[in-house]
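Visitor: Would you mind keeping the following structure in view while I ask a few things?
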Amino acid sequence: MARKQPAKGPFNLDLSLERNKGALIAILYDIQEHYRYLPEDVLKELAQKIGKPLIEIYRVATFYKLFSLKQRGRHQLKVCTGTACHVRGSERLVEEISKSLCVCRGETSADGEYSLDTVNCLGACALGPLVEVDGEYHGNTTPQSLKTILEKLKSGENKE
Ligand code: FES
Numbered sequence: 106m107a108r109k110q111p112a113k114g115p116f117n118l119d120l121s122l123e124r125n126k127g128a129l130i131a132i133l134y135d136i137q138e139h140y141r142y143l144p145e146d147v148l149k150e151l152a153q154k155i156g157k158p159l160i161e162i163y164r165v166a167t168f169y170k171l172f173s174l175k176q177r178g179r180h181q182l183k184v185c186t187g188t189a190c191h192v193r194g195s196e197r198l199v200e201e202i203s204k205s206l207c208v209c210r211g212e213t214s215a216d217g218e219y220s221l222d223t224v225n226c227l228g229a230c231a232l233g234p235l236v237e238v239d240g241e242y243h244g245n246t247t248p249q250s251l252k253t254i255l256e257k258l259k260s261g262e263n264k265e
């Protein structure tokens, strides 16, 4: 999939290097914030500029779950499939999201709009099943409430 240039304009790697005083994780965070993932060509440029082997940058980028080497959707959805959420029907929610947004688990939709991930625990088990949409938690999610959440997401009613 070709990389879409975010609406924010081109990423200024030099500015990030200067602002973060060469702190690799902070720079990677900036790159990911801008592109929603870590593009290979930007990582190569970063390696050149900071004089570190590319493999070292990949080692850090792959160690932290926060970072993604694959293009991510404009909207990020996470469904907790940990034990507490699983017994309350989280798998059905994964299937509903997958069907409704045409996105497979662990993937990004072909139009680049949605990414769907499953996680082991979001740390709020009493609220299960839990769905996170663009950083916002939706607890005690039912197939009916999920439908409303997804309709809002599709219509752009949720926050950007
Ligand atoms: S198991 Fe789902 S939030 Fe903990």
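With the numbering used here applied, the sequence shown covers 106 to 265.
Using N, Cα and C, we set each Cβ at its ideal position, and we do this for glycine too.
Computed from a predicted structure; not experimentally measured.
1. According to the neighbour-count rule (16 or more other Cβ atoms, all chains shown, within 10 Å of its Cβ), is TYR169 buried or exposed?
2. Check whether the stretch 150-157 touches the stretch 177-196, counting contact only when three or more Cβ pairs, one atom from each stretch, lie closer than 8 Å.
3. Quick check on this structure: which residue in HIS139, LEU182, ALA128 and ALA131 has the alpha carbon closest to the alpha carbon of ASN117?
4. Taking the C-alpha atoms as reference points, what is the distance between LEU227 and LEU206?
5. Can you tell me the Cα-Cα spacing of ASP239 and LEU159, whole angstroms?
6. For LEU226, which three-state DSSP category applies?
7. Flag this pair as yes or no: are the beta carbons of SER195 and GLY233 separated by less than 9 Å?
8. What are the boundary residues of the alpha helix (DSSP H) that GLU150 is part of?
9. Measure how close the beta-carbons of THR186 and ASN225 come, nearest whole angstrom, since I'm counting them as under 8 Å.
10. Which residues bound the beta strand (DSSP E) around GLU241?
11. Tell me whether the beta-carbon of TYR163 lies closer than 9 Å to the beta-carbon of LEU171.
12. What residue range does the alpha helix (DSSP H) around LYS183 cover?
Guide: Taking the geometry as given:
1. exposed
2. no
3. HIS139
4. 22 Å
5. 30 Å
6. The residue you asked about is not Leu; residue 226 is Cys in the sequence shown. Reduced to three states, the DSSP call for CYS226 is coil.
7. yes
8. 145-155
9. 7 Å
10. 241-243
11. no
12. Counting along the chain, LYS183 falls outside any alpha helix (DSSP H), though it belongs to the beta strand (DSSP E) covering 180-185.
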